[in-house]
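**Q** One structure, as structure tokens, below. Some questions next.
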Amino acid sequence: MIRKTRLFTPGPTPLLPAAQFAMAAADIHHRTPEFRAMYTRVLAQLKEFVGTKNDVIILSSGGTGAMEASVSNLTSPGDRVLVLTAGKFGERWASLVKAFGCHADVVEKSYGQTFTLDEVKAALKLETRAVFVQATESSTGVRHDIEGIAKLLKSENSEALLVVDAITGLGTTHLDMDAWGVDVLIGGSQKAVMIPPGLSYLAISPRAWDRMEATYNPRYYFDLRKERKNAAKGESAYTPSVALIAALGASLDYIAGQAATAENPKGDLAEGRKKLVDNAETCAAMTRAAATALGFKLFAPKGAEAAAATAIVAPEGTDSGTLVKGLKSQFAAIVTDGQGEMKGQLFRIAHIGFFDYMDTIAIIGALEQVIHKTKLPLPNFEFGKGLIAAQKFFADHAK
Ligand SMILES: *Cc1c(COP(=O)(O)O)cnc(C)c1O
Numbered sequence: 001m002i003r004k005t006r007l008f009t010p011g012p013t014p015l016l017p018a019a020q021f022a023m024a025a026a027d028i029h030h031r032t033p034e035f036r037a038m039y040t041r042v043l044a045q046l047k048e049f050v051g052t053k054n055d056v057i058i059l060s061s062g063g064t065g066a067m068e069a070s071v072s073n074l075t076s077p078g079d080r081v082l083v084l085t086a087g088k089f090g091e092r093w094a095s096l097v098k099a100f101g102c103h104a105d106v107v108e109k110s111y112g113q114t115f116t117l118d119e120v121k122a123a124l125k126l127e128t129r130a131v132f133v134q135a136t137e138s139s140t141g142v143r144h145d146i147e148g149i150a151k152l153l154k155s156e157n158s159e160a161l162l163v164v165d166a167i168t169g170l171g172t173t174h175l176d177m178d179a180w181g182v183d184v185l186i187g188g189s190q191k192a193v194m195i196p197p198g199l200s201y202l203a204i205s206p207r208a209w210d211r212m213e214a215t216y217n218p219r220y221y222f223d224l225r226k227e228r229k230n231a232a233k234g235e236s237a238y239t240p241s242v243a244l245i246a247a248l249g250a251s252l253d254y255i256a257g258q259a260a261t262a263e264n265p266k267g268d269l270a271e272g273r274k275k276l277v278d279n280a281e282t283c284a285a286m287t288r289a290a291a292t293a294l295g296f297k298l299f300a301p302k303g304a305e306a307a308a309a310t311a312i313v314a315p316e317g318t319d320s321g322t323l324v325k326g327l328k329s330q331f332a333a334i335v336t337d338g339q340g341e342m343k344g345q346l347f348r349i350a351h352i353g354f355f356d357y358m359d360t361i362a363i364i365g366a367l368e369q370v371i372h373k374t375k376l377p378l379p380n381f382e383f384g385k386g387l388i389a390a391q392k393f394f395a396d397h398a399k
């Protein structure tokens, strides 16, 4: 059979065709009224998509660039900070704050776990200047309790800024930055907004902007205050990724359009984002139901499963790489193996952004074929068990 390459990875994610067309048409210069109009519009759309009144800054970088910017702009050498880590991306926070000379307290849980609020509370010091955490840890498919952490910081009257890497959390989890009091929320282009890698964005609270007046870690390309000044004029400080910004606009139009009505044919970004989250949750729940019915164990604890990606544990004594390779060679379906210390032990199927019912059913069907072909030791395996569970979930729950 012919094979169509399909990404089921938690970034990059499948591309929205309308965004690809917008990219191809975006041969405009960035110091022109045309660009300023587009940039101003996309920044306003992005605020609605994030669901915040705070300023949003776009950087021409991968998501890690925005993570670095939040550390370099918000801290000074010697600052005491708290890092909450339970996976590969949490470890990135720990490395970053170290690179910028912070004194880090680290709450580290094993891969696949999350922290309790008591553990966070115990690690929080009077001097803690910032807390760094993921909304969803893409390496393990686990969701962290951002609302709970934000409430805790408030109830402790902590001066610590809450910095959340929501690179896979945005568009897969309901997040209310302003109501909860999150200070920085970070997103990336190759995740829920369905465009290629190369842009990151941060929503930044007034408290965090104030902090930047007093911090003195070195920064130049990622100077957020400089970007804010330029953004107010519809420009970026340096040559931006014009094509990706055009793509982002098209993608946000599409997301808004998911909530279109007869009275409001262009839709609404806040409602569209909710639909996108519901969509990811449905795809994730179908996948979990299928994996469980096929006899797999899920990696994330019950109740803390991220809708961004489902991490599925390979049966005892087998290598998850066999399934990853099998899906690629037989069906050109790209799923990811475990990251870091989980390599070989689990594989991850993503649900971020441009995935639908069809994609979800297809990957479950393909997984059944690969289990059969590789004779994976799942004692109760039968063709269709995963598909039936997913179909039933969809019939009973999907909106
Ligand atoms: C993808 C991802 C990143 C890193 O983004 P890059 O664009 O690869 O730099 C950071 N955090 C999380 C949770 C991610 O999923």
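Residue numbers (the numbering used here): 1 to 399.
A virtual CB, placed ideally from N, CA and C, is assigned to each residue, including glycine.
Note that the structure is a prediction, hence the values are computed from the model and not measured.
From Gly-234 to Asp-337, what distance separates their C-alpha atoms?
**A** 41 Å
**Q** CB Asn-73 to CB Met-212, shorter than 7 Å?
**A** A contact, by the Cβ cut-off of 7 Å.
**Q** How long is the line joining the alpha carbons of Glu-147 and Arg-3, rounded to whole angstroms?
**A** 42 Å
**Q** Please return the same chain residues whose Cβ sits closer than 6 Å to the Cβ of Leu-170, not counting the five positions on each side in sequence.
**A** For Leu-170, same chain residues with a beta-carbon under 6 Å away, outside a window of 5 residues either side, are Gly-187 and Ala-192 in chain order.
**Q** Less than 7 Å separating the beta-carbons of Phe-115 and Val-107?
**A** Result yes, Cβ atoms of Phe-115 and Val-107 sit closer than 7 Å.
**Q** Less than 6 Å between the CB of Asp-210 and some heavy atom of ligand 1, yes or no?
**A** No, ligand 1 has no heavy atom inside 6 Å of this Cβ.
**Q** Could you check whether Met-194 and Leu-16 sit closer than 7 Å to each other, using their CB atoms as the reference points?
**A** In contact: Leu-16 and Met-194 (Cβ atoms closer than 7 Å).
**Q** Less than 6 Å between the CB of Phe-89 and some heavy atom of ligand 1, yes or no?
**A** yes
**Q** Check whether the segment 132 to 143 touches the segment 71 to 87, counting contact only when three or more Cβ pairs, one atom from each stretch, lie closer than 8 Å.
**A** Taking 8 Å as the limit for Cβ pairs, the verdict is that the segment 71 to 87 does touch the segment 132 to 143.
**Q** Determine the direct distance from the alpha carbon of Leu-7 to that of Glu-91, and round the result to whole angstroms.
**A** 25 Å
**Q** On the CB-based measure, 16 or more other CB atoms within 10 Å of its CB, does Leu-126 come out buried or exposed?
**A** exposed
**Q** Below 6 Å, is the gap between the Cβ of Gly-188 and the nearest heavy atom of ligand 1?
**A** yes
**Q** Can you list, in chain order, the residues of its chain with a C-beta nearer than 6 Å to that of Ala-290? Leave out the 5 residues immediately preceding and following it.
**A** Ile-364, Gly-386, Ala-389 and Ala-390
**Q** What residue from Asn-157, Gly-141 and Leu-199 has the CA that sits closest to Ala-311's CA?
**A** Gly-141
**Q** Among Lys-151, Thr-168, Ala-166 and Leu-244, which one has its Cα closest to the Cα of Ala-160?
**A** Lys-151
**Q** Identify every residue that forms a DSSP beta bridge with Asp-165.
**A** Gln-134 and Ile-186
**Q** Could you check how far apart the C-beta atoms of Thr-360 and Thr-287 are, in whole angstroms? I think they sit under 8 Å.
**A** The Cβ separation is near 6 Å, so the contact holds.
**Q** Span of the alpha helix (DSSP H) holding Arg-288?
**A** 269 to 293
**Q** Sort out for me which residues DSSP pairs Asp-105 with in a bridge.
**A** In the DSSP assignment, the residues bridged to Asp-105 are Leu-82.
**Q** Assuming the contact rule is C-beta atoms closer than 8 Å, Leu-46 and Tyr-238 should be a hit. Round their C-beta distance to whole Å, please.
**A** Not really, about 19 Å apart at Cβ, beyond 8 Å.
**Q** Please go through the segment 186 to 230 and give each complete alpha helix (DSSP H) segment of 4 or more residues, from N-terminal end onward.
**A** Uninterrupted alpha helix (DSSP H) stretches at least 4 residues long and entirely within the segment 186 to 230 occur at 206 to 212, given in chain order.
**Q** Are Thr-9 and Ile-334 touching if we call contact CB-CB under 7 Å?
**A** yes
**Q** According to DSSP, is Lys-297 part of a helix, a strand, or is it coil?
**A** strand
**Q** By the three-class DSSP mapping on this structure, what secondary structure does Arg-41 have?
**A** Correct three-state label for Arg-41: helix.
**Q** Three-state secondary structure (DSSP) at Asp-319?
**A** coil
**Q** Could you check how far apart the C-beta atoms of Lys-109 and Ala-86 are, in whole angstroms? I think they sit under 8 Å.
**A** 4 Å
**Q** Does any CB atom of chain D fall closer than 7 Å to the CB of Lys-125?
**A** In the structure shown, chain D cannot be found, because there is only a single protein chain.
**Q** Considering only heavy atoms of ligand 1, does any lie closer than 6 Å to the CB of Gln-113?
**A** no
**Q** Specify the secondary structure class of Asp-253 as computed by DSSP and reduced to three states.
**A** helix
**Q** When burial is assigned at 16 or more other CB atoms within 10 Å of the CB, is Thr-5 buried or exposed?
**A** Counting other Cβ atoms within 10 Å of its Cβ, Thr-5 stays below 16 and is therefore classed as exposed.
**Q** What does a CB cutoff of less than 8 Å around Gly-198 pick up in its chain, not counting 5 residues either side in sequence?
**A** Ser-60, Ser-61, Gly-62, Ser-189, Gln-190, Ser-241 and Leu-244, listed in sequence order.
**Q** Does DSSP put Leu-376 in a helix, a strand or coil?
**A** coil
**Q** Going by C-alpha to C-alpha distance, which of Phe-299, Asp-183 and Met-1 sits closest to Thr-52?
**A** Asp-183
**Q** Given a threshold of 16 other Cβ atoms within 10 Å of its Cβ, counted over all protein chains shown, does Asn-380 qualify as buried or as exposed?
**A** exposed
**Q** From the DSSP output, in three-state form, read off Ala-160 for me.
**A** DSSP places Ala-160 in coil when its eight states are reduced to three.
**Q** Heavy atom of ligand 1 less than 6 Å from the Cβ of Ser-138, yes or no?
**A** yes
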